[in-house]
Every structure is written in structure tokens, then in C-alpha cells.
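Structure first, commentary second.
There are 2 protein chains.
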Amino acid sequence: MKRTTVRLQDVAELAGVSLASASRVLNANSPTYRGRGDLRERVLAAAAELGYEPNLHARALASATSNTIGLVVHDVSDAYFGLLSSSVVRAADKHDLLVTMVCTYRDPASELKYVKLLRAQRPRAIIMAASGYTQKAQYGPIMDELSKFEAAGGVVVSLAGGRGVGHRMVVGNKEGARSLAHALVELGHRTFAIAVGPTALVTVRDRVDGFRQGLADHGIEVAKDNLYPGDTSREAGMRVAEAIKSSPDRPTCVFGVFDVVAAGVVAGLQRLGVDVPGEVSVAGFADVPLAAQITPALTTVSIPLDLVGQQAVDLALTESAVPRTVSYQGNVIMRQSTAPPPA
Amino acid sequence: MKRTTVRLQDVAELAGVSLASASRVLNANSPTYRGRGDLRERVLAAAAELGYEPNLHARALASATSNTIGLVVHDVSDAYFGLLSSSVVRAADKHDLLVTMVCTYRDPASELKYVKLLRAQRPRAIIMAASGYTQKAQYGPIMDELSKFEAAGGVVVSLAGGRGVGHRMVVGNKEGARSLAHALVELGHRTFAIAVGPTALVTVRDRVDGFRQGLADHGIEVAKDNLYPGDTSREAGMRVAEAIKSSPDRPTCVFGVFDVVAAGVVAGLQRLGVDVPGEVSVAGFADVPLAAQITPALTTVSIPLDLVGQQAVDLALTESAVPRTVSYQGNVIMRQSTAPPPA
DNA sequence: TATCGTACTGAAAGCGCTTTCGATGCGCTG
DNA sequence: CAGCGCATCGAAAGCGCTTTCAGTACGATA
Chain A
1 MKRTTVRLQD VAELAGVSLA SASRVLNANS PTYRGRGDLR ERVLAAAAEL GYEPNLHARA
61 LASATSNTIG LVVHDVSDAY FGLLSSSVVR AADKHDLLVT MVCTYRDPAS ELKYVKLLRA
121 QRPRAIIMAA SGYTQKAQYG PIMDELSKFE AAGGVVVSLA GGRGVGHRMV VGNKEGARSL
181 AHALVELGHR TFAIAVGPTA LVTVRDRVDG FRQGLADHGI EVAKDNLYPG DTSREAGMRV
241 AEAIKSSPDR PTCVFGVFDV VAAGVVAGLQ RLGVDVPGEV SVAGFADVPL AAQITPALTT
301 VSIPLDLVGQ QAVDLALTES AVPRTVSYQG NVIMRQSTAP PPA
Chain B
344 MKRTTVRLQD VAELAGVSLA SASRVLNANS PTYRGRGDLR ERVLAAAAEL GYEPNLHARA
404 LASATSNTIG LVVHDVSDAY FGLLSSSVVR AADKHDLLVT MVCTYRDPAS ELKYVKLLRA
464 QRPRAIIMAA SGYTQKAQYG PIMDELSKFE AAGGVVVSLA GGRGVGHRMV VGNKEGARSL
524 AHALVELGHR TFAIAVGPTA LVTVRDRVDG FRQGLADHGI EVAKDNLYPG DTSREAGMRV
584 AEAIKSSPDR PTCVFGVFDV VAAGVVAGLQ RLGVDVPGEV SVAGFADVPL AAQITPALTT
644 VSIPLDLVGQ QAVDLALTES AVPRTVSYQG NVIMRQSTAP PPA
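Rendered as C-alpha cells:
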């Protein structure tokens, strides 16, 4: 089998110029460079004729820079990460960057493995949209790996956690949840339950802490029995609904740490014949499209994911050696799933 | 600034062995190779001590194989593509492959640009989950680019379109829509409207053709006025709802080519005070999670996206020179958004 | 003990590109 | 017309790795 890939060499030969000149033309290298006579045109024509496409690996190797950025999320099929990924990809596009995306499915071991793999790919930057574990045993090795990546000249952007490595983005989990709590207390609620989700995540901890803080601001506590850990699925929410329905002192309001879980709570309560929001109010967090589309529409805290993704890419391209922190506020969106508690 | 990245060379020196030996140890190269004495241990220890991570670009260049696959979708934040991407990433993980994902946002020009960029990255394979344009002017250049990729030894897997390049996957758009039509006719419906979506896409054309074919099987036609083109948004569906509400001969059943659009139709009708399914039935296509979560839950055609993604990766890894075609059937899922037409 | 075969080792040749470096041509000025 | 500076050019040196190719050590065989 004869060679079938087109090399810059081939382009140069067809154009009758040297490798170096061909490279210069195709890269618009120095700003003043134009090429003598029709050299430029000849190279371009040759490249087009051969269907030449540069080998990014060779280029990355020779120039020690790459045009990809790594993106680590929990799960793209989750609306939250889907929206975020989409905006990252879109922003990267503006800089002609390719995005290599990996999903960890909330497994620290696989996250570690992937960060290593990404590191091997020598991307310009790694955006950590997942991660953010509360346990040192889990985030420690990952941070070590990211430090090495930084030491080698890479940029790290963390959306949750971060722990002293790279730039940080704060997406208002704590403050947003606190505001949400205030709004719900103002509606008249005094007894709350929280569908907590996976407690190993910083995001979860922040939202729960923020919410409880908000309640504490009004002297309200959440009973231990009213904290329901689980995963991030709709089913988890439905199980919470069942537990609440048969709970001795039924809360009048349930906070689901993720919209999907909250939607599950709503569906579960409805199936059990509990009126939402007539008997029990339900609120979520994130404002994914689903929140507005269920009946009753879900009260939640919106996060400007498109801005976040864009900003993450901007930070990723920042050369600044000093780590920066960028914050976003979440906005409480009151919809029909919450109402004053029954009299 | 001194060099900060760790090279295999450094590992070799620290271990006191040659570059070649270090490479062999770290790649478990030939199946019989074990290394003499504690050579293996020394190399491994050195690599660990230095935090060595191989340079994938150099490796790709030297070995002429890469460990990435390219994935082209319309938009990851769309649930359909989110689920698909997730399953592709998951399947790729099993083979220790990295996925570079690009979103075209349904723009043929940007799709072309991305296929070129991906080609430059020399992935093992490119999975085209987007594309599938009906116009030659749009798909032609893309197919040319993919042909070149194939000629250079790459594998192409197309989920829609394909046109003679690479392996093809057929996800039952046509057949599924036809079965759906049959089911709706059986419910008693005779007059239909179709929220068509973007007509430039093969996927759309297949679903619409299949649906009309299914109606034709029963001697039913869809009036020109009852075909509503649009985009793939919820809002497009709501506009269709308005048009239908004021339509002189109102159809008793609406088929939305995408679940999201169908959900928009449902929401729009409800807002206008039209009972679904009492007065008008609505059906969608794809069975994204949203379909089951709105009220009334949406009748639709399910596509086994997890299997599709997995299979796509399997095909991507197929060495077989002869192009293969793999088919999946969609299943009609009857839910509460459809019922017999009003008497 | 001499000979052979096997399993290993290290030197060196690339992979396709970028980029430095010295050389070359050119239009000027004096 | 000599001499200067500038833009351009091609040769060649890597970038970090894999892999071929000799060569070496070692155990087994005669």
C-alpha cells in the first residue's frame, strides 16, 4: 500500500518551493511575509489540489502549542452540562479551538484517569466543570495532576472546587440557594425538606449549605429526617416524594438540589395525590429548560450557563500567571411549583 | 525559564536505561517483553517519580495512530445529541479513546470547517451524527472532505446521510414515523398537521416522508396548509399551535418531528385553551426524557440512543474495508398526549 | 568447551511539521 | 557603479516519541 496521506512536503514539491516557504505561506507566519512573485498562489493552489490538511500532531510537536482545550464534565446528557458544554464549544469555536470532552459520570477514579489522558494530549487548557469533591482522598490526586499540567505551562479553569490550582469560577451556588431560601420563607414556609443528591460533591454541599444558611437567617432549621441524600435522577426525587408523603411531620416545602430531582419530587407527589403547590411547594436549582416545561413550572435558581461557558474559555486563554476568580450570581425564578403553605 | 515538561528521555536517564527500553516498558510493547532484571521496575519508578505523562502528539506522529475519535453533532445541549454524545463518550472510554466533539449548530459551512479541523487532528475515526443535508451543495463538500479522510486511512461513521462514504447507521426515522402514523390512524384520526422543522435535514425529511407514507397506507393525505416548517425549538411548536388553533379545518392530530417541538405544540395549545388530547392529539419523535415528563406525557417514537452511540464506536473501530450498514428500529410509545379524536 | 538460538538492549532513523540561520536577491542611496 | 539594508528563501536542526536494526548477554545443547 503506497502512502496516501498528503504531507506539506508534497505540497512544497508540487509548488516547486521549499518546505519552509510552504509552511510560511500556509501559516501567514510573520505579519510582514507575503512571498515573492506568485509563490504564495502556487503553494495555495498546490495545497488545494492535493487536499492538504496539516497534521496537527506534527504541528503541536514542532511548535509546542496545541489548538485544543480539554473539558471535563460529569455527564453531557445531563441538561446542565449539555448547556455548559455547548457554550464552551461555541466559545472555543471563536478561537478556532477544538474541544476534547470527557465525562466522568461522577467517578473520581475515572476523573483522575481522564485528567491524565488529557494532560497527555497537551491541550492549551483544561476546564474542570466536573470535579469538586469534598473528600481530600478524592480531589487530592486530581489536583496533583492538574498542578503538573500547570507546571508544564497549561491553564486550568475550575468551576467547582479548584483548591488553589488555576483560575476559579464561582457560579453562585451558595448565594443562590440562600436567596431561594429567603424567598421561600417569605412565602410563609417554615418546615423544609431537602433532596440533597450526592453529598460527595462540592456543588451539592454549597447549595445545601447556602439553603440552610438562608433558613438559619430566619431562625429555621431543617430536621435531620428531612435531609434526603440520593443521586441526581428523577427517580431519586420520586423516592423523596414517597418518603415525604408518609412523613409524620410533613414539610410544606421541598428543595431539590438539582432541577431534575425536584421535577421528580413534583411528579412523585402528584402521583401520590399530593397537590403541588397547594399542599407542598417544590423548588429546584439550575433552571434547565425542563424546569419551565413541566406542570406546574418549577421555581428554581437560574445560572447563566452560556456566560459561564464563554467566560471559562476566556479564562482558559488568559496568559496571566496570577490565578483569577470570576463570580456569577444565580437568580431566583419564582414559578408555579411554589405557593404559600396551606393555612 | 527552564524546561518544565518531563520527557521520556528524562525518565530513561533517571532509570539509567535507553530511550528505547523506556518506551518498551511503558508501552508493554511486544507481548513477550518483560525486561531484564529490575529494568522494568526502575523505569516505572522513574516515570512515577517525575510524574511523566507521554506526549500524545509525539506518539501519534511516531506511530501514525491516534487515540482520539471525532464526533460531530448539531448541538450537545439538545437532549437527543446529549444522550448520543454521552453514550459515544462512554463507549469510547472502554477503548481508552478520547472524544473530540464539535457542534455545528446546523450550519453546513461550520460543519465543513470542523470536518477539516478534525481531519487535521488525525483521529482514528469520525462519527458524523449531524450532517445529513438534503441539498447536494451542502453535503457535497463535506462528503469530499470525508472521502479524503477515508483515503488517508480514517474510518467514517454516518448516522444520517452518509452518501457512500464510510459506514452507515440507520436509526429508523422513516419506519418509526410510518408506524407512528399507523398507530394514530388506528386511534381514529383522519386529519393531520405536521410541525416539520428544518427541511434541509435528512432526518427531518425521513421522518416526514415516513409519516406521510404511513398515512398514505390508509389513503390519507396531509394538506399543504397543514405542513409547518420551522426550527427545532419549543417556540416553533408554540407558533404551530397558534396557527392550528385558528385554522379553518383544524386537524385532530399534530405530529412534531422533534419531541421538543411537539412539547411546544402541547404547551401552545394548552395556553390557548385547547385540550390535549381531548380536542387535539399531539405526538413527537425521539423519546427524549422531556417527553415522559411533561403533562400530558408525549406519545412519541423511541430511539435506543445508548445502543446507537455504542454501535457507532464499534463501527468506528472496525477495520473492515467494506462499508457496513447497521439498522435500529424505533418503537412507538403511546402516552397521554394522544387519544381518539372528539366525536 | 565451543556453538547456537533466544531475549534483550541501545543507537539511530524517521514521523510531519516549525523555526532558526546563513545566504541570496532586490531596490535604494551616494 | 559600488554598497547598503531589507525582505525573502532554502537547508537543516530539532519537537518527543516509536521502531527497526545490529549487537550483546545468556542459557541450552552437543
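These protein sequence lines are chains A and B, in that order. Going by this note's numbering, the final residue of the first sequence carries number 343, and the count climbs one at a time with no gaps. Going by this note's numbering, the final residue of the second sequence carries number 686, and the count climbs one at a time with no gaps. Note that CB positions come from ideal geometry on N, CA and C, so glycine has one too.
Residue j beta carbon less than 7 Å from that of residue i
i, j, result
"residue 427 of chain B", "residue 468 of chain B", "no"
"residue 443 of chain B", "residue 454 of chain B", "no"
"residue 376 of chain B", "residue 367 of chain B", "yes"
"residue 321 of chain A", "residue 157 of chain A", "no"
"residue 526 of chain B", "residue 675 of chain B", "yes"
"residue 475 of chain B", "residue 546 of chain B", "yes"
"residue 538 of chain B", "residue 619 of chain B", "no"
"residue 638 of chain B", "residue 295 of chain A", "yes"
"residue 357 of chain B", "residue 389 of chain B", "yes"
"residue 4 of chain A", "residue 494 of chain B", "yes"
"residue 486 of chain B", "residue 458 of chain B", "no"
"residue 213 of chain A", "residue 178 of chain A", "yes"
Per-residue burial, residue i [other beta carbons within 10 Å of its own, 16 or more giving buried]
i, result
"residue 226 of chain A", "buried"
"residue 53 of chain A", "buried"
"residue 352 of chain B", "exposed"
"residue 19 of chain A", "exposed"
"residue 670 of chain B", "exposed"
"residue 421 of chain B", "buried"
"residue 549 of chain B", "buried"
"residue 93 of chain A", "buried"
"residue 518 of chain B", "buried"
"residue 341 of chain A", "buried"
Alpha carbon of residue i to alpha carbon of residue j, nearest angstrom
i, j, result
"residue 294 of chain B", "residue 535 of chain B", "Because chain B is modelled from 344 through 686, residue 294 of chain B falls outside the range shown and cannot be assessed."
"residue 86 of chain A", "residue 434 of chain B", "21 Å"
"residue 583 of chain B", "residue 278 of chain A", "32 Å"
"residue 387 of chain B", "residue 146 of chain A", "21 Å"
"residue 540 of chain B", "residue 601 of chain B", "8 Å"
"residue 678 of chain B", "residue 302 of chain A", "30 Å"
"residue 330 of chain A", "residue 170 of chain A", "10 Å"
"residue 344 of chain B", "residue 314 of chain A", "Because residue 344 of chain B sits at a pLDDT of 41, beneath the cut-off of 50, its placement in the model cannot be relied upon, and the point is left open."
"residue 515 of chain B", "residue 648 of chain B", "11 Å"
"residue 290 of chain A", "residue 579 of chain B", "17 Å"
"residue 553 of chain B", "residue 529 of chain B", "16 Å"
"residue 286 of chain A", "residue 80 of chain A", "7 Å"
"residue 590 of chain B", "residue 496 of chain B", "55 Å"
"residue 626 of chain B", "residue 288 of chain A", "23 Å"
"residue 297 of chain A", "residue 267 of chain A", "12 Å"
"residue 242 of chain A", "residue 255 of chain A", "15 Å"
"residue 560 of chain B", "residue 524 of chain B", "9 Å"
"residue 56 of chain A", "residue 410 of chain B", "14 Å"
"residue 122 of chain A", "residue 594 of chain B", "57 Å"
"residue 393 of chain B", "residue 199 of chain A", "34 Å"
"residue 323 of chain A", "residue 378 of chain B", "44 Å"
"residue 417 of chain B", "residue 449 of chain B", "5 Å"
Chain-ordered chain B contacts of residue i [CB-CB under 7 Å]
i, result
"residue 83 of chain A", "420"
"residue 86 of chain A", "418, 419, 420, 446"
"residue 58 of chain A", "404"
"residue 27 of chain A", "Near residue 27 of chain A there are no residues of chain B at all, since even the closest Cβ is about 13 Å away, more than 7 Å."
Where residue i meets chain B, residues with beta-carbon distance less than 9 Å
i, result
"residue 127 of chain A", "Going along chain B, no residue has its Cβ under 9 Å from residue 127 of chain A, so there is no contact; the nearest lies around 13 Å."
"residue 43 of chain A", "Near residue 43 of chain A there are no residues of chain B at all, since even the closest Cβ is about 17 Å away, more than 9 Å."
Residues that residue i contacts on chain A, provided the C-beta gap is smaller than 7 Å
i, result
"residue 561 of chain B", "Neighbours of residue 561 of chain B on chain A: none; closest Cβ ~33 Å, over 7 Å."
"residue 581 of chain B", "Those do not exist, as residue 581 of chain B stays about 11 Å from chain A at its closest Cβ, beyond 7 Å."
"residue 676 of chain B", "Simply none; closest approach about 17 Å."
Contact set between residue i and chain A, taken where Cβ atoms lie within less than 8 Å
i, result
"residue 438 of chain B", "Those do not exist, as residue 438 of chain B stays about 12 Å from chain A at its closest Cβ, beyond 8 Å."
"residue 622 of chain B", "Correct list: empty, because the minimum Cβ distance to chain A is about 18 Å."
Alpha helix (DSSP H) segment containing residue i, residue limits
i, result
"residue 81 of chain A", "79–94"
"residue 412 of chain B", "Unbroken run through residue 412 of chain B is the beta strand (DSSP E), 411–416; no alpha helix (DSSP H)."
"residue 619 of chain B", "Careful: residue 619 of chain B lies outside any alpha helix (DSSP H) and carries neither H nor E."
"residue 98 of chain A", "Segment 98–103 is the beta strand (DSSP E) holding residue 98 of chain A; no alpha helix (DSSP H) there."
"residue 587 of chain B", "577–588"
Span of the beta strand (DSSP E), counted from its first residue to its last, around residue i
i, result
"residue 468 of chain B", "468–471"
"residue 197 of chain A", "192–197"
Within chain B, partners of residue i - CB distance below 8 Å
i, result
"residue 54 of chain A", "463"
"residue 310 of chain A", "The premise fails here: residue 310 of chain A is roughly 14 Å from chain B at the closest Cβ pair, so nothing lies under 8 Å."
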